[in-house]
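Each remark here refers to the structure printed beneath this line.
There are 2 protein chains.
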Amino acid sequence: MSTTLHDVARHAGVSIKTVSNVVNGLGRVSAATRERVLASVAQLDYRPNLSARSLRSGRTGVIGLAIPELSLAYFAQLADAVIEEAEQRGLVVLIEQTRGGARNRELELLRGPQRQLTDGLIFSPFGMIEEDTEFLDIGSPLVLLGERLPGASVDRVTMRNVEAGAAATASLLKLGRERVAVIGAHLDARLGSAVLRYEGYVQALREHGIELRDELVVEVDLWHRSNGAKAMRELLARGEPFDALFAMNDELALGALRVLQEDGIDVPTDVALIGFDNVDDGRFSRPSLSTVDPGRPEIARMAIELLLERIGGATTDDVAPRELQSPFRIIERESTSGA
Amino acid sequence: MSTTLHDVARHAGVSIKTVSNVVNGLGRVSAATRERVLASVAQLDYRPNLSARSLRSGRTGVIGLAIPELSLAYFAQLADAVIEEAEQRGLVVLIEQTRGGARNRELELLRGPQRQLTDGLIFSPFGMIEEDTEFLDIGSPLVLLGERLPGASVDRVTMRNVEAGAAATASLLKLGRERVAVIGAHLDARLGSAVLRYEGYVQALREHGIELRDELVVEVDLWHRSNGAKAMRELLARGEPFDALFAMNDELALGALRVLQEDGIDVPTDVALIGFDNVDDGRFSRPSLSTVDPGRPEIARMAIELLLERIGGATTDDVAPRELQSPFRIIERESTSGA
DNA sequence: CGCCAAGAATACAACGTTGTACCAAGCCCT
DNA sequence: AGGGCTTGGTACAACGTTGTATTCTTGGCG
Numbered sequence: 001m002s003t004t005l006h007d008v009a010r011h012a013g014v015s016i017k018t019v020s021n022v023v024n025g026l027g028r029v030s031a032a033t034r035e036r037v038l039a040s041v042a043q044l045d046y047r048p049n050l051s052a053r054s055l056r057s058g059r060t061g062v063i064g065l066a067i068p069e070l071s072l073a074y075f076a077q078l079a080d081a082v083i084e085e086a087e088q089r090g091l092v093v094l095i096e097q098t099r100g101g102a103r104n105r106e107l108e109l110l111r112g113p114q115r116q117l118t119d120g121l122i123f124s125p126f127g128m129i130e131e132d133t134e135f136l137d138i139g140s141p142l143v144l145l146g147e148r149l150p151g152a153s154v155d156r157v158t159m160r161n162v163e164a165g166a167a168a169t170a171s172l173l174k175l176g177r178e179r180v181a182v183i184g185a186h187l188d189a190r191l192g193s194a195v196l197r198y199e200g201y202v203q204a205l206r207e208h209g210i211e212l213r214d215e216l217v218v219e220v221d222l223w224h225r226s227n228g229a230k231a232m233r234e235l236l237a238r239g240e241p242f243d244a245l246f247a248m249n250d251e252l253a254l255g256a257l258r259v260l261q262e263d264g265i266d267v268p269t270d271v272a273l274i275g276f277d278n279v280d281d282g283r284f285s286r287p288s289l290s291t292v293d294p295g296r297p298e299i300a301r302m303a304i305e306l307l308l309e310r311i312g313g314a315t316t317d318d319v320a321p322r323e324l325q326s327p328f329r330i331i332e333r334e335s336t337s338g339a
Numbered sequence: 001m002s003t004t005l006h007d008v009a010r011h012a013g014v015s016i017k018t019v020s021n022v023v024n025g026l027g028r029v030s031a032a033t034r035e036r037v038l039a040s041v042a043q044l045d046y047r048p049n050l051s052a053r054s055l056r057s058g059r060t061g062v063i064g065l066a067i068p069e070l071s072l073a074y075f076a077q078l079a080d081a082v083i084e085e086a087e088q089r090g091l092v093v094l095i096e097q098t099r100g101g102a103r104n105r106e107l108e109l110l111r112g113p114q115r116q117l118t119d120g121l122i123f124s125p126f127g128m129i130e131e132d133t134e135f136l137d138i139g140s141p142l143v144l145l146g147e148r149l150p151g152a153s154v155d156r157v158t159m160r161n162v163e164a165g166a167a168a169t170a171s172l173l174k175l176g177r178e179r180v181a182v183i184g185a186h187l188d189a190r191l192g193s194a195v196l197r198y199e200g201y202v203q204a205l206r207e208h209g210i211e212l213r214d215e216l217v218v219e220v221d222l223w224h225r226s227n228g229a230k231a232m233r234e235l236l237a238r239g240e241p242f243d244a245l246f247a248m249n250d251e252l253a254l255g256a257l258r259v260l261q262e263d264g265i266d267v268p269t270d271v272a273l274i275g276f277d278n279v280d281d282g283r284f285s286r287p288s289l290s291t292v293d294p295g296r297p298e299i300a301r302m303a304i305e306l307l308l309e310r311i312g313g314a315t316t317d318d319v320a321p322r323e324l325q326s327p328f329r330i331i332e333r334e335s336t337s338g339a
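The listed protein sequences derive, respectively, from chains H and P. Okay, so the first sequence: first residue is 1 according to the numbering used here, each after it adds one. Okay, so the second sequence: first residue is 1 according to the numbering used here, each after it adds one.
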């Protein structure tokens, strides 16, 4: 077994509590004993038992991050940012995948035994519906990512999806394009990024006095690359001409790009293209992909800040939930270059 | 506070240990009391305190996964597989990033307090050198991914990098190409995938009676997409003709592809291209990317199996370390299509 | 009818840590 | 010189769980 406070205490000839105080920098300890204890700690290679510490303190130093899928670049990069941000605050991150965001998976995960292991959870919901908000009461701090479940009174980090969607669309319109298609819509949904980004799209069209054409709107359930390709084939099959495309995320955009090129359609000359998320891949596609940068580091930072406020605050319940918004910016690359 | 065994015991009118037995399915409990206890458990929504359980049992149910960077698609997908595999065995995964695999970061991570929190560690080393092997003695089970630190007597999961490198190269040669470039080499290193894959490259050339030309070998430190682009510019600048390219991973390949296309060089007509890792992105690039599939799910499964054997085994020390090899296969896509 | 074994449940300690309460000096002040 | 105060340290309990040893039933059997 590894060394404990007892071992160190015996070795240094002090009480176990004094060692504890030295290790945690608490209480008053004379310089002499402190040094003696530290020497013993070093010599015996003492490392505190985190389970015991957690049992006493009620804190584990672990936070959970629940996302749909790590193999989607957006979430991988988000996880990266969260881990980085957590590390700076002395926390470690337990990642859980909801796998396509199936509702049941999400509910299970909210009630799973892992919750006992984490001081709080950062959760990017996808499949849950409004009736499920009661399940969000998990007994430990929770921060939602995104605009789903708007009814729930929980801390959350969102972005200006409507404005961002409008800005993306506008960046296409300002090139003089007038037939702007969009893929990734969830027309019969009432919630989620898809709804908001679509709203931005519609809004931008209106502001520029351009008619909204349903034939240029393609719905896509999961925003995977393969579905982007499928959506583009569908759009092409419709035979409706278009000269610009707003893809609701970069995966869709890159999937669509591939199909456009297969058909000999040049981007950006024939079709200007913009995605969403600023995933690394877009920088090296050909043409490189214009996109909306959602401010991932900020999202991570804000989420952890909200979480830590709850974790730290003794009386967590009576504080009203907060919503923080991350800044976004349009990144113009080759896929919308003047041409 | 949440409900404890005490609460349930009082509620069901039994002893605390009986509740514990019921919850864990241990000991002999009559059907009647079992039912009564389970009813109380459900009613009070009892969930065991994992810290306390860990303190008693010495197990946390958490395993660590230390990788260079989650934003590299290969590692994101690997992490995905590990989490999935762990979940099936009732474990959760703590992901730690070594950020480009700096040696110090790796050593810190091996000694960090997190080790007290995990039952074992799956570690993909990058910057550590052979002199550091002593640091691998972390007091809990450890499985290495890859061939680094060959001197260390630790469990590990590897792949037939030499054979795979040779197979990739051969798949280019069999197209009739004779000037096969390679990017990603670490010529003055003695260890690592780069060395082995390069060895396979050399070997395949020799077997096909093709001369090895140093001018067609480009070194790349970190196998990022941007470095792939840089390497390709360097290769083009050399002015040495080549008609095929083996990129040591898909990121390099996609970065290189982009630069080739900028220069109007057609893939696969002018240059046939194969990568390594079978990252999702390669399926939707244009042309789609031929690659080597390293068997990620198998790697994840093997790593966890090795880890669990150590964790389970009472006398862990006297069992000789094992090495498992994952199967690989060549995936031919457009970037090496006959043409 | 009395004894024993097996079945069912309990009491208690321990895992390693930290918070609370307490104690022993030494010092200053009146 | 004795009361209060600061400084440095200790003893003990508690966090919630589980392993070990123990007790209490009960029914079967000689």
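Even glycine gets a Cβ: it sits at the ideal position worked out from N, Cα and C. No experiment lies behind these values; they were computed from the predicted model shown.
(message) I'd like the ranges of any alpha helix (DSSP H) spanning at least 4 consecutive residues and lying wholly in the stretch 189 to 234 of chain P.
(response) Correct list: 193 to 207.
(request) Could you name the residues that DSSP lists as bridge partners for V182 of chain H? (result) To locate residue 182 of chain H, count along the first sequence from 1; it is residue 182. The partner list for V182 of chain H (beta bridge, DSSP) reads H:V217, H:F246.
(request) Using a Cβ-Cβ cut-off of 8 Å, state whether S51 of chain H counts as contacting chain P. (result) Numbered from its first residue, the first sequence carries residue 51 of chain H at position 51. At least one beta carbon of chain P lies nearer than 8 Å to the beta carbon of S51 of chain H.
(message) Between P:E178, P:L254, P:L222, P:L235, which has its C-alpha nearest L212 of chain P's C-alpha?
(response) Taking the first residue of the second sequence as 1, we reach residue 212 of chain P at position 212. When only C-alpha atoms are compared, the closest one is P:E178.
(message) Helix, strand or coil, according to DSSP, for T98 of chain P in the structure here?
(response) Mapped onto the second sequence, residue 98 of chain P falls at position 98. It is coil, neither helix nor strand.
(message) So with CB distances below 7 Å, who are the chain P contacts of T133 of chain H?
(response) In the first sequence, counting from the first residue as 1, residue 133 of chain H sits at position 133. By Cβ distance, chain P contributes nothing, its closest Cβ being about 18 Å from T133 of chain H, past 7 Å.
(message) Along the stretch 227 to 260 of chain H, where does the CB come closer than 7 Å to a CB of chain P? Name the residues.
(response) Those residues of the stretch 227 to 260 of chain H that come within reach of chain P (Cβ to Cβ, closer than 7 Å) are A229, L254, G255, R258.
(request) Would you be able to state if there are at least three C-beta pairs under 8 Å between the stretch 115 to 123 of chain P and the stretch 64 to 76 of chain P? (result) Output reads yes: the stretch 115 to 123 of chain P touches the stretch 64 to 76 of chain P.
(request) Within its chain, find whatever has a CB closer than 7 Å to the CB of T33 of chain H; leave out the 5 residues flanking it on each side and keep chain order. (result) On the first sequence, residue 33 of chain H is found 33 positions in, with the first residue counted as 1. Answer for T33 of chain H: V14, T18, listed in chain order.
(request) Tell me where the beta strand (DSSP E) around S288 of chain H begins and ends. (result) As a working mapping, residue 288 of chain H is identified with position 288 in the first sequence. S288 of chain H: not part of any beta strand (DSSP E); DSSP gives it neither H nor E.
(message) According to DSSP, I122 of chain H sits in a beta bridge with which residue or residues?
(response) What you label residue 122 of chain H is simply residue 122 of the first sequence in a count that begins at 1. Partner(s): H:L65, H:V143.
(request) For A344 of chain P, write down the residues that DSSP places opposite it in a beta bridge. (result) The shown model of chain P, from 1 to 339, leaves out residue 344 of chain P, and the question about it has no answer.
(request) Would you kindly check if the distance between the Cβ of L145 of chain P and the Cβ of I299 of chain P is under 8 Å? (result) As a position in the second sequence, residue 299 of chain P is number 299, starting the count at 1. As a position in the second sequence, residue 145 of chain P is number 145, starting the count at 1. Remark: C-beta atoms of I299 of chain P and L145 of chain P approach each other more closely than 8 Å.
(request) Could you spell out the range, first to last residue, of the alpha helix (DSSP H) harbouring N36 of chain P? (result) Reading the second sequence from its first residue, position 36 is the one you call residue 36 of chain P. Before going on, a small fix: residue 36 of chain P reads as Arg here, not Asn. Here the alpha helix (DSSP H) through R36 of chain P covers 31 to 44.
(request) Starting from the beta carbon of A76 of chain P, find every residue of chain H whose beta carbon is closer than 7 Å, and list them in chain order. (result) Position 76 of the second sequence, counted from the start, is the residue given in the question as residue 76 of chain P. Ordered by position in chain H, the residues that pass the 7 Å Cβ test against A76 of chain P are L70, S71, A76.
(message) Counting C-beta neighbours from all protein chains within 10 Å, is the total for D340 of chain P 16 or more, i.e. buried, or is it exposed?
(response) In the structure as shown, chain P begins at 1 and stops at 339. Residue 340 of chain P is therefore absent and cannot be evaluated.
(message) Among P:T269, P:V92, P:G184, P:I330, whose alpha-carbon lies nearest the alpha-carbon of R115 of chain H?
(response) The sequence position of residue 115 of chain H within the first sequence is 115, counting from 1. Cα-wise, what sits closest to R115 of chain H is P:V92.
(request) Would you check if there are 3 or more beta carbon pairs closer than 8 Å linking the stretch 145 to 159 of chain P to the stretch 252 to 272 of chain P? (result) In short, these stretches do not touch, since the Cβ pair count stays below three.
(request) Report yes if the C-beta distance between Y74 of chain H and N249 of chain H is below 8 Å; otherwise report no. (result) Within the first sequence, residue 74 of chain H is the residue found at index 74, counting from 1. Within the first sequence, residue 249 of chain H is the residue found at index 249, counting from 1. The answer is yes: Cβ separation under 8 Å.
(request) Could you name the residues of chain P that T346 of chain H contacts, counting a contact when the two beta carbons are closer than 8 Å? (result) Residue 346 of chain H falls outside the range modelled here, since chain H spans only 1 to 339, and no answer is possible.
(request) Determine the extent of the beta strand (DSSP E) in which L117 of chain P is found, giving its start and end residues. (result) For this step, residue 117 of chain P is matched to residue 117 along the second sequence. Note, L117 of chain P: premise wrong, no beta strand (DSSP E); not H, not E.
(message) By the three-class DSSP mapping on this structure, what secondary structure does E106 of chain H have?
(response) In the first sequence, the residue the question calls residue 106 of chain H occupies position 106. Helix.
(request) Starting from the Cα of G61 of chain P, find the closest Cα among H:L94, H:P287, H:E207, H:Q77 and give me that residue. (result) Translated into the one-based positions of the second sequence, residue 61 of chain P becomes position 61. Here the closest residue by C-alpha is H:L94.
(message) So if DSSP puts L273 of chain P in a beta bridge, which residue, or which two residues, is it bridged to?
(response) As a position in the second sequence, residue 273 of chain P is number 273, starting the count at 1. In DSSP, L273 of chain P forms a bridge with P:L245.
(message) Between which residues of its own chain and I138 of chain H is the CB-CB distance below 8 Å, once the five residues before and five after are set aside?
(response) Taking the first sequence and counting its residues from 1, the one referred to as residue 138 of chain H is at position 138. Hits under 8 Å: L110, R111, R115, L121.
(request) Pull up the distance between the alpha-carbon of A272 of chain P and that of S193 of chain P, whole angstroms please. (result) Taking the first residue of the second sequence as position 1, residue 272 of chain P is located at position 272. Taking the first residue of the second sequence as position 1, residue 193 of chain P is located at position 193. Near 22 Å, if we compare the C-alpha coordinates of S193 of chain P and A272 of chain P.
(request) Would you verify that the beta carbon of L145 of chain P is, or is not, closer than 8 Å to some beta carbon of chain H? (result) Sequence index remark: in the second sequence, residue 145 of chain P carries index 145 (1-based). For L145 of chain P, no CB of chain H lies under 8 Å from its own CB, so it is not counted at the interface with that chain.
(message) Could you check whether I274 of chain H and L172 of chain H sit closer than 8 Å to each other, using their CB atoms as the reference points?
(response) As a first step, residue 172 of chain H must be located in the first sequence, where it is residue number 172. As a first step, residue 274 of chain H must be located in the first sequence, where it is residue number 274. Yes.
(request) Sort out for me which residues DSSP pairs V93 of chain H with in a bridge. (result) For this step, residue 93 of chain H is matched to residue 93 along the first sequence. H:I63, per the DSSP bridge assignment.
(message) Please confirm whether A204 of chain P has its beta-carbon closer than 8 Å to some beta-carbon of chain H.
(response) Looking up residue 204 of chain P in the second sequence gives position 204. Closer than 8 Å: no.
(request) Buried or exposed for G27 of chain P, please, with buried defined as at least 16 other CB atoms from any protein chain shown within 10 angstroms of its CB. (result) As a position in the second sequence, residue 27 of chain P is number 27, starting the count at 1. By the 16-neighbour rule on beta-carbons within 10 angstroms, G27 of chain P is exposed.
(message) Does any residue of chain P have a CB that is nearer than 8 Å to the CB of L149 of chain H?
(response) By one-based count along the first sequence, residue 149 of chain H stands at place 149. By the rule that beta-carbons nearer than 8 Å mark a contact, L149 of chain H does not touch chain P.
(request) Mind checking which residues open and close the beta strand (DSSP E) that includes S326 of chain P? (result) Residue mapping note: residue 326 of chain P aligns to position 326 of the second sequence, counting from 1. In this chain, the beta strand (DSSP E) harbouring S326 of chain P covers 323 to 326.
(request) Flag V342 of chain P as yes if its beta-carbon sits less than 8 Å from any beta-carbon of chain H, otherwise no. (result) Only positions 1 to 339 of chain P appear in this structure, which leaves residue 342 of chain P out of reach.
(request) Give the interface partners of N83 of chain P over in chain H, defined as CB-CB distance under 8 Å, in chain order. (result) Indexing the second sequence from 1 puts residue 83 of chain P at position 83. The sequence shown places Ile at residue 83 of chain P, not Asn. For I83 of chain P, the chain H residues whose Cβ falls inside 8 Å of its Cβ are L70, I95, E96, Q97, in order along the chain.
(request) Take the Cβ of H224 of chain H as the centre, count every other Cβ of all protein chains shown within 10 Å, and call the residue buried at 16 or more, exposed below. (result) Walking along the first sequence from the start, residue 224 of chain H turns up at place 224. Residue burial annotation: H224 of chain H is buried, with at least 16 other C-beta atoms found within 10 angstroms of its C-beta.
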